[in-house]
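If you want the numbering used here, it's the 1-based position in the sequence shown plus 6.
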Amino acid sequence: AMSIAPISYQPDVNDTLVTKSGVSIGMTFTQRVIAGSGNITLRIAGAGGTVVENFGVGNSVTINNNTVSFTPTADLATDTVYHINYPSGCFTDTSGDVSYVGTAYTFTAAPTAYQLWMWGDNQVYAGGGVLGQNQGKAQLTAVSSPVQVPGTNWSTNISSGMNGKGVLITKTDGTLWSWGYQQQGMLGLNDVVGRSSPTQIPGTTWHSGHPQGEATAAIKTDGTLWVWGRNVTVLHGRSQPDNVRVSSPVQVGSDTTWQGTLGKFSFRGQKALAIKTDGTLWTWGHNQFGDLGQNNHTHYSSPIQIGSDTTWSVIAGGQMNAQAVKTDGTLWSWGANDKGQQGLNISDNPGRRSSPTQIGSGTDWSTVSLTKYHSLAIKTNGTMWAWGRNNYGQLAQNNNGPSDGYSSPVQIPGTTWSQAYAANGYNYAKKTDGSIWAWGSNSYGILGQNNLVQYSSPVQVPGTSWGAVGGGESWASFIKEV
């Protein structure tokens with residue numbers, strides 16, 4: 007009988023394989039085969055490495071003439087070497103009298119590619135080009151459906167509160183890129199020239215970027231905090247006079263415990279809110295409405311701690327308010343309240359709070375996002391809740407109008423919500439299946455529906471495998487996993 011031998015491998019020996027589950031592994035033989043006995047073993051690194059999964063040749067492996075294949079049930083770890091072993095006798099010829107002698111080899115799981123997609127207003131003050139399409143001023147028109155920004159290694163550490171006039175996003179190699187409008191040096195490029203395509207800011211150890219109006223902040227992988235742009239309302243946190251301008255990064259203090267991951271840092275509404283690695287909460291900047299949580303209305307030009315708690319988990323800032331989740335699942339609010347945006351069942355400005363006040367008595371809150379007049383929050387059971395102003399249907403209650411606002415949380419249909427982004431009059435939210443949904447005001451086509459129609463309940467943005475959710479004053483930015 008003809009001997010059984012493989013003629014091709016998937017992946018090939020020492021080759022790479024994409025990381026997502028659903029990708030087939032296997033090989034093609036010189037002739038048709040049938041199942042023999044034994045388990046094909048997938049391990050991390052060498053022959054003695056940790057077993058990832060076993061595939062029984064009689065039930066977990068598909069045989070199609072001379073090709074065998076099987077599919078890992080979970081994603082492989084990126085940039086990781088895997089060892090695969092086909093034991094002797096796992097396959098035979100169709101008569102069952104010649105067995106495959108077996109083999110073992112290694113391959114590497116390739117990194118996931120991360121694309122950046124944007125849509126909405128493309129100017130944000132003439133000359134901006136915030137959609138990163140390398141266009142001249144005459145071409146800067148709004149786009150109502152997603153367009154890709156070149157590159158496949160954008161980082162998922164995208165700011166959830168990017169309400170600045172420019173864009174600031176890191177890549178997986180630790181580089182930091184900016185583009186858009188730049189009158190005050192907020193792009194960090196040591197000039198005041200706007201850009202309509204991504205331009206690198208020096209350095210390779212950046213973790214995340216956080217633009218806000220005419221000021222910008224960024225956090226490095228070593229936990230240091232850096233700022234630039236105009237020091238509007240002492241937003242730089244460097245104990246400097248108001249309106250000092252810096253067009254390249256300068257460090258805030260010497261602390262190395264700042265966090266840039268989603269929900270740990272908010273740079274929005276002329277103030278900063280940050281949770282350090284020890285669970286303490288710090289803030290600085292504008293405080294007209296008590297939104298710094300200091301039980302006063304004093305502006306602060308350097309970071310000051312809110313209370314003494316070390317159990318803060320998620321922080322979100324709006325233009326005049328702030329909300330946070332603690333590690334015990336409780337939700338807290340402070341700042342302005344003229345539209346019921348604090349969620350305290352009070353809807354007048356005397357109802358504002360200048361120190362954290364708990365919303366209800368629930369202990370199952372997971373994350374929160376808010377803007378000037380409304381909030382979105384997700385619970386651990388995957389439900390999403392909204393409150394505040396509803397003039398554009400942004401509370402997703404299938405209605406709209408100022409009289410239809412809510413001063414306490416109301417549920418938005420669905421039980422698989424995982425991430426939310428509240429903006430001025432509109433929202434985005436992500437489900438666990440990787441789909442993105444939008445609703446509310448649709449100026450500039452900001453909802454990504456290829457139209458300018460307003461929606462008072464969630465509508466899906468085309469595409470799948472969406473990752474991190476971001477946005478700006480009138481534009482959206484999303485990471486897609488490929």
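Every residue, glycine too, gets a C-beta built ideally from N, C-alpha and C.
How is the beta strand (DSSP E) around residue i delimited, first residue to last?
i	result
residue 379	Note, residue 379: premise wrong, no beta strand (DSSP E); not H, not E.
residue 69	68-70
residue 114	109-115
residue 363	359-364
residue 99	97-99
residue 33	31-35
residue 268	Counting along the chain, residue 268 falls outside any beta strand (DSSP E), and DSSP gives it neither H nor E.
residue 76	73-76
residue 446	442-446
residue 461	461-467
residue 412	412-418
residue 277	277-281
residue 295	Unbroken run through residue 295: none, as it is neither H nor E.
residue 139	That residue, residue 139, is in no beta strand (DSSP E); it is neither H nor E in DSSP.
residue 150	149-155
residue 428	423-428
residue 476	472-477
Who are the Cβ neighbours of residue i in its own chain at under 7 Å, not counting the five residues just before and after it?
i	result
residue 99	7, 10, 37 and 39
residue 73	32 and 34
residue 326	275, 295, 297, 341, 342 and 378
residue 304	293
residue 536	This structure gives no information on residue 536, because the portion of the chain shown stretches from 7 to 488.
residue 52	89
residue 234	191, 192, 194, 222, 252, 253, 254, 255 and 256
residue 449	480
For residue i, which residues in the same chain have their Cβ closer than 6 Å to its Cβ, ignoring the five residues on either side in sequence?
i	result
residue 60	45 and 47
residue 321	272, 279, 281 and 330
Taking the C-alpha atoms as reference points, what is the distance between residue i and residue j?
i	j	result
residue 455	residue 310	42 Å
residue 154	residue 122	6 Å
residue 252	residue 244	12 Å
residue 446	residue 288	32 Å
residue 147	residue 126	9 Å
residue 138	residue 69	47 Å
residue 140	residue 206	14 Å
residue 97	residue 105	6 Å
residue 232	residue 261	11 Å
residue 332	residue 174	28 Å
residue 385	residue 468	25 Å
residue 164	residue 108	46 Å
residue 358	residue 422	32 Å
residue 390	residue 426	8 Å
residue 21	residue 112	8 Å
residue 213	residue 188	22 Å
residue 5	residue 269	The structure shown does not extend to residue 5, since the chain is modelled only from 7 through 488, so no value can be given for it.
residue 401	residue 408	11 Å
residue 199	residue 135	12 Å
residue 75	residue 483	38 Å
With a cut-off of 8 Å on the beta carbons, I'd call residue i and residue j a contact; round off their distance for me.
i	j	result
residue 432	residue 453	6 Å
residue 208	residue 185	Not quite, the Cβ-Cβ distance comes to about 16 Å (not below 8 Å), so this is no contact.
residue 180	residue 211	5 Å
residue 124	residue 481	6 Å
residue 337	residue 290	Incorrect: roughly 23 Å between the Cβ atoms, too far for contact.
residue 438	residue 388	7 Å
residue 361	residue 299	5 Å
Mapping the DSSP letters down to three states, classify residue i as helix, strand or coil.
i	result
residue 335	coil
residue 239	helix
residue 188	coil
residue 121	strand
residue 454	coil
residue 437	strand
residue 257	strand
residue 93	coil
residue 12	strand
residue 171	coil
residue 208	coil
residue 247	coil
residue 314	coil
residue 214	strand
residue 105	strand
residue 483	strand
Can you give me the Cβ contacts of residue i inside the same chain, cut-off strictly under 8 Å, excluding the 5 residues immediately before and after it?
i	result
residue 284	263 and 316
residue 83	25, 50 and 115
residue 238	219, 220, 221, 248, 249 and 276
residue 81	25, 26 and 27
residue 346	352, 353, 393, 394, 395, 411, 412, 413 and 414
residue 2	Nothing can be reported for residue 2: it is not among the residues displayed for the chain, which extend from 7 to 488.
residue 405	396, 399 and 462
residue 151	125, 451, 454, 455, 456 and 468
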